[in-house]
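A.B. asks: Note that the working numbering gives residue 159 to position 151 of the sequence shown, counting from 1, and the numbers run on in steps of one.
By construction, the Cβ of each residue, glycine as well, lies at the ideal position given by its N, Cα and C atoms.
Here you go, one structure.
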Amino acid sequence: MPSLGDQLAAALKSRDERLIRRRLPDPQADDGLADFSTNDYLSFATSSVLRKRFLEKLTAAPNARLARFFAAPTALLFNSGFDANVGFFSAVPQPGDAIVFDEHIHASVHDGMRGSRIEPSMRRAFAHNSVDALRNVLERLIEEYPDLQTGGRSAFLAVETLYSMDGTICPLAEMVEVMEDSLPCGNGYVVVDEAHATGLYGPQGRGLVALLGLENRVLARLHTFGKALAGTGAVLLTTPLIRDYLLNYARSLIYTTSLSYANIISVDCSFDLLEDGTAAQLANELYDRIDHFLALIRPHLCTIPLSILALPPHLALPLRPSSPPHRTLLSPIIPILTPYARPLSAHLRGLGLNAR
Numbered sequence: 009m010p011s012l013g014d015q016l017a018a019a020l021k022s023r024d025e026r027l028i029r030r031r032l033p034d035p036q037a038d039d040g041l042a043d044f045s046t047n048d049y050l051s052f053a054t055s056s057v058l059r060k061r062f063l064e065k066l067t068a069a070p071n072a073r074l075a076r077f078f079a080a081p082t083a084l085l086f087n088s089g090f091d092a093n094v095g096f097f098s099a100v101p102q103p104g105d106a107i108v109f110d111e112h113i114h115a116s117v118h119d120g121m122r123g124s125r126i127e128p129s130m131r132r133a134f135a136h137n138s139v140d141a142l143r144n145v146l147e148r149l150i151e152e153y154p155d156l157q158t159g160g161r162s163a164f165l166a167v168e169t170l171y172s173m174d175g176t177i178c179p180l181a182e183m184v185e186v187m188e189d190s191l192p193c194g195n196g197y198v199v200v201d202e203a204h205a206t207g208l209y210g211p212q213g214r215g216l217v218a219l220l221g222l223e224n225r226v227l228a229r230l231h232t233f234g235k236a237l238a239g240t241g242a243v244l245l246t247t248p249l250i251r252d253y254l255l256n257y258a259r260s261l262i263y264t265t266s267l268s269y270a271n272i273i274s275v276d277c278s279f280d281l282l283e284d285g286t287a288a289q290l291a292n293e294l295y296d297r298i299d300h301f302l303a304l305i306r307p308h309l310c311t312i313p314l315s316i317l318a319l320p321p322h323l324a325l326p327l328r329p330s331s332p333p334h335r336t337l338l339s340p341i342i343p344i345l346t347p348y349a350r351p352l353s354a355h356l357r358g359l360g361l362n363a364r
């Protein structure tokens with residue numbers, strides 16, 4: 009069976025031969041043609057007024073800036089992280105491939121898998137954040153499909169770096185090692201959702217992949233602009249081949265209106281704050297508040313039955329100062345486990361605290 013790259017390249021070649029291959033136009037191109045194919049009904053796209061007011065900020069193509077910032081081969085903008093996950097997982101895995109995913113993976117990955125050509129039997133969940141469970145799932149898949157180990161088909165690993173429901177952090181380096189050890193032919197591909205880690209971890213907020221130096225060992229990274237960056241949209245960092253393939257096959261990218269100038273300007277401003285150190289200072293202040301909050305709440309919760317109020321197990325005890333890298337992996341997501349979530353939320357709101 010051809011490798012993943014061969015299959016994707018063959019599909020694009022077929023589109024070339026049928027003269028239907030999509031490519032991004034040169035953003036500076038002005039061919040002077042009368043456009044009978046546009047839905048730019050008010051001609052705002054060519055408005056000198058709009059250009060003057062908005063495009064001064066866009067001194068460079070946003071895709072190029074993001075690729076440089078994240079040290080990635082290419083970058084592709086999506087309207088949301090949801091759209092990016094749906095687009096990737098519905099299009100890139102090929103028939104016969106396998107997808108293994110953390111049981112707490114985001115709903116968008118599930119939607120993408122359901123829209124893919126991957127049989128349900130080839131979509132396998134493993135216990136949350138368990139490296140051993142991942143290894144066991146891969147071993148079972150290889151037993152059932154020996155050509156996985158010989159490179160005859162591909163396997164994709166879908167994980168998040170910071171999980172939004174529990175505030176747990178992925179043991180990413182160990183999982184990358186398991187994928188590489190289990191699939192020595194290089195047909196194991198790691199896809200990392202950094203939605204909640206963007207701006208918090210790594211140099212200049214580049215995420216956990218950058219913090220661990222794994223940029224060249226993952227196939228794709230997703231960073232969203234709607235969490236810490238206070239914007240809208242997302243960027244998928246991947247190879248030129250995958251980017252080109254998504255431009256031609258990702259329905260959640262092709263059949264939707266792209267990000268507006270205002271969205272892109274907002275994102276550009278947020279990345280200015282990442283690059284000039286403002287975000288790093290704010291992140292350090294956030295870590296102080298997380299430490300302080302946990303130090304305050306743990307003694308109080310010790311006096312309350314676990315069936316009423318509790319922290320999840322990974323937060324119940326203080327982190328050891330030697331736990332590497334302690335400060336840089338504090339999670340801003342702190343769940344309070346209780347069967348009385350709505351009454352507690354209403355009570356806290358009455359005290360001036362918005363907790364949901």
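1. If you count every other CB in all the chains shown that lies within 10 Å of the CB of N224, and 16 or more means buried, which is it?
2. I need the DSSP call for I177, collapsed to helix, strand or coil.
3. Quick check on the burial criterion: 16 or more other C-beta atoms within 10 angstroms. Buried or exposed for A203?
4. Beta carbon of L267, beta carbon of F78: below 8 Å?
5. In whole angstroms, give me the CA-to-CA distance for A163 and I342.
6. For N256 versus R23, is the C-beta spacing smaller than 8 Å?
7. So if DSSP puts R229 in a beta bridge, which residue, or which two residues, is it bridged to?
8. Anyone know if the C-beta pair for L208 and A228 falls short of 8 Å?
9. Quick check on the DSSP output: what are the complete alpha helix (DSSP H) runs of length 4 or more inside the region 128-164, in order along the chain?
10. Check the DSSP bridge columns for F86 and list the partner residues they point to.
11. Alpha carbon to alpha carbon, how far is T265 from Y49? Give it in angstroms, no decimals.
12. Could you check what DSSP says for L294 in three-state terms: helix, strand or coil?
13. For the beta strand (DSSP E) that F109 lies in, which residues bound it at each end?
14. Whole angstroms are fine: how far does the CA of D280 sit from the CA of A303?
15. Compare the beta carbon distance of M9 and R125 with 8 Å and say whether it is the shorter of the two.
16. Considering only the alpha carbon of each residue, which of L165, G123, P154 and M130 lies closest to R143?
17. Looking at the structure shown, is V167 part of a helix, part of a strand, or coil, going by DSSP?
18. Would DSSP call A218 helix, strand or coil?
19. Please name the residue in M187, G175, S172 and H114 whose C-alpha comes closest to that of V145.
20. May I ask you to check if the CB of E25 is nearer than 7 Å to at least one heavy atom of the ligand ATP?
21. Between which residues of its own chain and P179 is the CB-CB distance below 8 Å, once the five residues before and five after are set aside?
22. Nearest by alpha-carbon distance to F109: which of V117, R297 and S56 is it?
23. Alpha helix (DSSP H) containing C193: first to last residue?
24. Do G13 and L249 have their CB atoms nearer than 8 Å?
25. Go to A75, then tell me how far its alpha helix (DSSP H) extends in each direction, as first and last residue.
26. Among the candidates N271, S56 and R132, whose CA atom is the shortest distance from the CA of G239?
27. If you follow the alpha helix (DSSP H) that L325 is in, where does it begin and where does it stop?
28. Specify the secondary structure class of A318 as computed by DSSP and reduced to three states.
29. Count the CB pairs spanning the region 182-199 and the region 298-314 that are closer than 8 Å, and state whether there are at least three.
30. Taking all protein chains shown into account, decide if M173 is buried (16 or more other Cβ within 10 angstroms of its Cβ) or exposed.
31. List the whole-angstrom C-beta distance separating G95 from L254, where the pair is believed to meet the contact cut-off of C-beta under 8 Å.
C.D. replies: According to the structure shown:
1. As a first step, residue 224 must be located in the sequence shown, where it is residue number 216. Per the 10 Å Cβ criterion, exposed.
2. To locate residue 177, count along the sequence shown from 1; it is residue 169. Strand.
3. The count along the sequence shown starts at 1 and reaches residue 203 at position 195. When all chains shown are included, A203 counts as buried.
4. Working through the sequence shown from its first residue, we reach residue 267 at position 259. Working through the sequence shown from its first residue, we reach residue 78 at position 70. No, these two residues do not count as a Cβ contact at 8 Å.
5. Residue 163 sits at position 155 when you count from the first residue of the sequence shown. Residue 342 sits at position 334 when you count from the first residue of the sequence shown. Approximately 33 Å between the Cα atoms of the pair.
6. Locating residue 256 in the sequence shown gives position 248, where the first residue counts as 1. Locating residue 23 in the sequence shown gives position 15, where the first residue counts as 1. Taking 8 Å as the Cβ cut-off, N256 and R23 qualify as a contacting pair.
7. As a first step, residue 229 must be located in the sequence shown, where it is residue number 221. Bridge partners of R229: V200 and L245.
8. Translated into positions along the sequence shown, residue 208 becomes position 200. Translated into positions along the sequence shown, residue 228 becomes position 220. Not a contact, by the Cβ cut-off of 8 Å.
9. 139-152
10. Position 78 of the sequence shown, counted from the first residue, corresponds to residue 86. Looking at the DSSP assignment, F86 forms a beta bridge with A242.
11. Position 41 of the sequence shown, counted from the first residue, corresponds to residue 49. Position 257 of the sequence shown, counted from the first residue, corresponds to residue 265. In this predicted model, Y49 has a pLDDT of only 47, less than 50, meaning its place in the structure is not dependable enough to derive any value.
12. Within the sequence shown, numbered from 1, the residue matching residue 294 stands at position 286. Of the three classes helix, strand and coil, the one that applies to L294 here is helix, per DSSP.
13. Here residue 109 is taken as the residue at index 101 of the sequence shown, counted from 1. Start and end: A106 to D110.
14. Counting from 1 along the sequence shown, the entry for residue 303 is found at position 295. Counting from 1 along the sequence shown, the entry for residue 280 is found at position 272. Taking the straight line from one Cα to the other gives about 33 Å.
15. As a working mapping, residue 9 is identified with position 1 in the sequence shown. As a working mapping, residue 125 is identified with position 117 in the sequence shown. No, the Cβ-Cβ distance between M9 and R125 is not below 8 Å.
16. Here residue 143 is taken as the residue at index 135 of the sequence shown, counted from 1. The option with the nearest alpha carbon to R143 is L165.
17. Your numbering for residue 167 matches position 159 in the sequence shown. Strand at V167.
18. Reading the sequence shown from its first residue, position 210 is the one you call residue 218. Of the three classes helix, strand and coil, the one that applies to A218 here is helix, per DSSP.
19. Working through the sequence shown from its first residue, we reach residue 145 at position 137. Nearest option by C-alpha distance: M187.
20. Questions concerning the ligand ATP fall outside what the structure shown contains, since it holds no ligand whatsoever.
21. Numbered from 1 along the sequence shown, position 171 holds the residue referred to as residue 179. Excluding positions up to five away in sequence, the list reads N137 and V139.
22. Residue 109 sits at position 101 when you count from the first residue of the sequence shown. Answer by Cα proximity: V117.
23. The residue labelled residue 193 in the question sits at position 185 within the sequence shown. Element bounds for C193: n/a, residue is neither H nor E.
24. The residue given as residue 13 occupies position 5 in the sequence shown. The residue given as residue 249 occupies position 241 in the sequence shown. Closer than 8 Å, so yes.
25. Walking along the sequence shown from the start, residue 75 turns up at place 67. Note, A75: alpha helix (DSSP H), P70 to F77.
26. In the sequence shown, residue 239 corresponds to position 231, counting from 1. Answer by Cα proximity: N271.
27. Start at 1 with the first residue of the sequence shown, and residue 325 comes out as number 317. Here L325 belongs to no alpha helix (DSSP H), and DSSP marks it neither H nor E.
28. As a position in the sequence shown, residue 318 is number 310, starting the count at 1. In this structure, A318 counts as strand in the three-state DSSP scheme.
29. no
30. Position 165 of the sequence shown, counted from the start, is the residue given in the question as residue 173. It is exposed - the Cβ of M173 has fewer than 16 other Cβ atoms within 10 Å.
31. The residue you call residue 95 lines up with position 87 of the sequence shown. The residue you call residue 254 lines up with position 246 of the sequence shown. The pair is a contact, with the Cβ atoms about 6 Å apart (cut-off 8 Å).
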